[in-house]
Amino acid sequence: MADTATIDPATIGTGEEPMRTVSHWREVWDAFRHSRIALVALFVLVLLGFCALFAPWLAPFSPTEVNVMDVLQGPNAQHWWGTDDLGRDVYSGALYGLRISMAVGLMAGVVAAILGTIIGAFAGFIGGWVDALLMRITDFILTIPVLFLALVLIPVFGSSRLIVILVIGGLAWPSIARLVRAEFLKLRSEAFVEAARGYGARRLKLIFSEMLPNTFDLVLVSTALQVPAAILIEAGLSFLGVGDPEPRSLGLMLKDAYGLLGLAWWSAVLPGLVLSALAISLNLVADAFNDAVRGHE
Amino acid sequence: MNSLTSVSAGPEALLSVAGLTTELRTRKGTVHALHNVGFTVRPGEAIAIVGESGCGKSMTARSIMRVLPRPIDKVSGYIRFGGTDLLTLSDAAMGRIRGARIAMIFQDPMSHLDPLMRIGDQIAEVVRAHKKLAGGALQQAVREALTAAQIAEIDRVMSAYPHQLSGGLRQRALIAMALACEPQLLIADEPTTALDVTTQKQILQLLRQLVTERQMGLVLITHDLGVVANVCDRVYVMYAGQVIEHADVHDFFERPQHPYSQGLLASLKSLSEGNERLSSIPGVVPNLIAPPSGCRFRARCQHALDICAVQDPTIRLCHDNSRDAACWLVAGKGDGND
Amino acid sequence: MSAVPRIVGTRLVQAVPLLLATVIVNFAIIHLAPGDPVTMMVGEGAVSADQMEALRLSLGLNNPLYIQFLDYLGSVLKGDLGTSYVYHQPVSEIIASRIPATLLLMGSTYVLSTVLGLAFGIIAALRPSSLQDRMLMTVAILGYSVPTFWLGFIALMVFAVELGWLPISGMVDSGLEPGSLGYWTSVLHHLVLPVAVLSLFYTGLIARLMRTSMLNSLRGDFIVTARAMGLSRWRIILRHAVPNAITPIVTVLGLQIGLMLSGAVLTETVFGWPGLGVLTVQAVAQRDYPLLLGMFLLTSVMVIIANVLTDLVYLAINPRLRGNG
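If you're matching them up, the sequences are chains L, U and B in order.
Read left to right, the first sequence gives residues 13 to 309 (our numbering).
Read left to right, the second sequence gives residues 8 to 345 (our numbering).
Read left to right, the third sequence gives residues 487 to 811 (our numbering).
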């Protein structure tokens, strides 16, 4: 388009900018910093990450240690967040649970990112019927209720952490694949790729040296948007009894607390708050990050 | 501000603009999109505003209509139309002028028509916004507007969605919408850029005819100097948000004064085709977040003097109907006696 | 207009292999399950090996897998989904009896969250970055970040256990005559909490989606035209910006019907809502294969129906798809 009434005022006379370089990340960070709520969320997230990482040092008790003398205690000096019906320390359980949630969420995100990038790049680069078929599959998976399917798949494959991660991540890639594909289609028509286009090994080299690096930030952003969803699905599965097999995770703690309805509010409220804080801060950070990378309000 | 005092549009001016300055508040900073722009249009006259992409032509149109990208963008200066300064009007009063007394058409009629609404309904909506018409009278007004835009198959066009029409018919539909309330002034922003050569000619003919027959004022915004020569009476050249030369269409093509205008015409003549893009002057348009001091064309000008870096030549430009150029090289030559 | 039957036809034809594939995949997956249904049924060591074997035989579990599958497929075509190991009742009857409860929960949630989500998205987009925008969007993010099941039982603890305003569990008080006014009042009473909790999630999701789409629509060239033609602000918003914002997200809105099943499983479990979700959780725990297979089939049919319906709605509101007639 030439000079039209639709001129984007942000580009008038500002000249062309180099694509995705170190200064690009600087710009993303500057845009991210603009949002105060995103900064707060980032702080909370870093704090939660710290707690998860150092849980064995921070937790005063073993998360699974049963203590019949200290059953159903409210928050007190010894058990800061109280105990459950088996006398297990809620605070220690939440710290270890945070570890599991974060590990499963991140690993599922990595699985989704790898699958999404490969499938999206393949579809976008090859085009034609391969593209059409892959996108149909992608669209179909987008319509599947993931938690519902996982609920039935996971007990079939056996409840190991790897299975949980593979099932959740294996159903979370479509939105990433779509983004990568769209970006590949765009890059494919761009001059610098057009000029360097060739066959065989040169083609592969092109994908790895030019196209993939250019989609990196988009993949990162859309993966970041999948992680909180994956964490909530894992917690939901644990709540239904088919999540991570570890004896104490946030979802399982909530399942146990549900059985104590009204008897020990702390065992339900506090782990749930930790889980909510994790999902909220992840979503807020991912969202602000997404806005910053794509550059609109 | 010289230009503010030198407005001598005369009593017959339909629209006179002076000192028009527009600032766009973007995330990257304030873009000084327009600086001290001035021009006049008389009834039955077609003026052209020409320049490269991003020179502020479209922003000039949107500033006059007060339809800027976001509410915090700021327009100042003076836009006199029908005895009032449009910039002092309330939003409601401005709404009664838009579409009724000043109308506007655009480059890409496909994207400027609502894809989900039939053409007849879109035109009727505009008529209803300004006149108390309903039922048969409303339908009649819509038909008259389509006739005025020289559309033959009125029934088909009325019941069609934009995607079902050809590019030329879409632009005519947009013109019909603009003409529906018989405006005194029409602003046409690159109305033919997206069309093929034959359709382009027909649309331009239609616009010229409307100017002559209805004594309508026309502001034609374009980068195509061929279009200018065929349709317009006078020319305003814009560069980096400023008017840098204005002249009678003959004088402009015979003896352009500003080095930029000379470059434009030279590049036009060097090409066998007349409708090529204006991009053959070396260099780029300056950054309008931090515009350079002095003359904004200086960096691309072969004749730049010392004064060009210090003093902005547009301050001595007079915005009357005579010719003038904002350039220190032609200082003194253009004071209305050319 | 000839495109309408063609698109519907295409979708229905595509649905057949999709359904068949689902049946095959589901059957295969379920039969990879480690748990032995007979052991699950009667309990470990409760009966002798001979009795076990007789039971296996009667259930057809000793036949080769492909025979079991063909048997199953044949019955499915006849509308017979087999007999539940646990309930000893036809699967189709058990499922059918649970459908109304889930439909009521999901339908109410869908209507409520779509209306609220669209409204919030529009309001937020009208003044981007304003206080109202930031507040609405923060609440929206909270809505889909807070785990539904946790929020559900916090709500139970507050409104049912502590305050006693709303019932703790189930869908209706016992002893009421079905169809009477008191019956339906009781159902509504039971519906409030689950719908409120589940709606919060989907309202947040839809509000985010609508805000983005509305911002795009408001940036459209036809909005500039409408402004330049002197149309009033509200007319521009309601007649031009909103329809053009909803059109591109209709597909996603439609898909939410199927996706909502995930939320329904959790919500039903928390609120003891006697629907398909609770049924599935029990079937998983008890390895009730016929019931699970039936649930899968039903889910696939639901997802496919939601897809076709979404296409039809999209077709109805988007003239560009109706050809150049």
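Note that CB positions come from ideal geometry on N, CA and C, so glycine has one too.
Point to revise | DSSP state of N88 of chain L mapped onto helix, strand, coil | key: coil
Review point. Considering only C-alpha positions, which residue in the set B:L741, B:P503, B:A507, B:L798 is nearest to L154 of chain L?
Key: B:L741
**Study point:** Residues of the segment 222–240 of chain L whose Cβ lies closer than 8 Å to any Cβ of chain B, in chain order
**Key:** P240
Exercise for review: Measuring only between beta-carbons, confirm whether R105 of chain U sits less than 8 Å from chain B.
Suggested key: yes
Practice item. Could you name the residues of the segment 244–257 of chain U whose beta carbon sits closer than 8 Å to any beta carbon of chain B, in the order they occur along the chain? Key: none
**Study point:** chain L within 8 Å of P633 of chain B, Cβ atoms only
**Key:** yes
**Study point:** Euclidean distance between Cα positions of V234 of chain U and R135 of chain U
**Key:** 34 Å
Point to revise | Residue-level contact to chain B via CB, E59 of chain U, 8 Å cutoff | key: no
Review point. If you draw a straight line from the C-alpha of V24 of chain U to the C-alpha of T37 of chain U, how long is it?
Key: 22 Å
Check your understanding: Hey, S261 of chain L and S250 of chain L: beta-carbon distance below 8 Å or not?
Key -> yes
Exercise for review: Counting only the same chain and skipping the five closest in sequence on each side, list residues whose C-beta sits under 6 Å from that of A333 of chain U.
Suggested key: I251, P320, T321, L324
Practice item. Name the one or two DSSP bridge partners that A3 of chain U has. Key: Since the first residue shown for chain U is 8 and the last is 345, residue 3 of chain U is missing from the structure and cannot be characterised.
Exercise for review: Round the Cβ separation of P298 of chain U and A306 of chain U to the nearest angstrom and send it over; I've been treating them as touching at under 8 Å.
Suggested key: Not quite, the Cβ-Cβ distance comes to about 11 Å (not below 8 Å), so this is no contact.
Exercise for review: Report yes if the C-beta distance between P190 of chain U and M223 of chain U is below 8 Å; otherwise report no.
Suggested key: yes
Practice item. Would you identify the three-state DSSP class for Y571 of chain B, choosing helix, strand or coil? Key: coil
Exercise for review: Kindly indicate if chain B contains any beta-carbon less than 8 Å away from that of L225 of chain U.
Suggested key: no
Exercise for review: Excluding the 5 residues preceding and the 5 following E283 of chain U in the sequence, name in chain order all residues of the same chain whose CB lies nearer than 6 Å to its CB.
Suggested key: Any reading at E283 of chain U must be qualified, since the residue scores a pLDDT of 49, below 50, and its modelled position is unreliable; no value is offered.
Exercise for review: Please list, in chain order, all residues of the same chain as Q249 of chain U whose beta carbon is under 6 Å from its beta carbon, the five residues on each side excluded.
Suggested key: H42, T321
Review point. When every heavy atom of the ligand GTP is checked, does at least one fall within less than 7 Å of the C-beta of V57 of chain U?
Key: This structure lacks the ligand GTP; in fact it carries no ligand of any kind.
Check your understanding: Going along the chain, which residues of its own chain have a beta-carbon closer than 6 Å to the beta-carbon of A189 of chain L, five neighbours each way excluded?
Key -> G128, I131, G132, T150
Exercise for review: Reducing DSSP to helix, strand and coil, say where S666 of chain B ends up.
Suggested key: coil
Review point. Comparing the C-beta of S171 of chain L with each C-beta of chain B, is any distance below 8 Å?
Key: no
Review point. Which first and last residues belong to the beta strand (DSSP E) in which L140 of chain U is found?
Key: Neither: L140 of chain U is in no beta strand (DSSP E) and is coded neither H nor E.
Review point. Can you give the Cα-Cα distance for L504 of chain B and L551 of chain B, rounded to whole angstroms?
Key: 21 Å
**Study point:** C-beta contact flag for I71 of chain U and L93 of chain U at 8 Å
**Key:** yes
**Study point:** Per-residue burial, R100 of chain L [other beta carbons within 10 Å of its own, 16 or more giving buried]
**Key:** buried
Review point. Alpha helix (DSSP H) containing V238 of chain U: first to last residue?
Key: 232–238
Review point. From the beta carbon of D715 of chain B, is the nearest beta carbon of chain U less than 8 Å away?
Key: Looking at the sequence shown, residue 715 of chain B is not Asp but Met. By this cut-off, M715 of chain B is an interface position.
Check your understanding: For R87 of chain U, does the three-state DSSP call read helix, strand or coil?
Key -> strand
**Study point:** Distance CB(A183 of chain U)-CB(I130 of chain U) smaller than 8 Å
**Key:** yes
Review point. Can you tell me the Cα-Cα spacing of V756 of chain B and Y630 of chain B, whole angstroms?
Key: 17 Å
Practice item. Give a yes or no on whether the minimum CB-CB distance between V133 of chain U and chain B is below 8 Å. Key: yes
Check your understanding: Mind checking L174 of chain L: buried by the 16 CB within 10 Å criterion, or exposed?
Key -> exposed
Point to revise | Beta-carbon contacts of T766 of chain B that lie in its chain and below 7 Å, excluding the five residues immediately before and after | key: V751, M781
Check your understanding: Cβ atoms of I581 of chain B and L784 of chain B: under 8 Å apart, would you say?
Key -> yes
Review point. Should Q212 of chain U go down as buried or exposed, given a rule of 16 or more other Cβ atoms within 10 Å for buried?
Key: exposed
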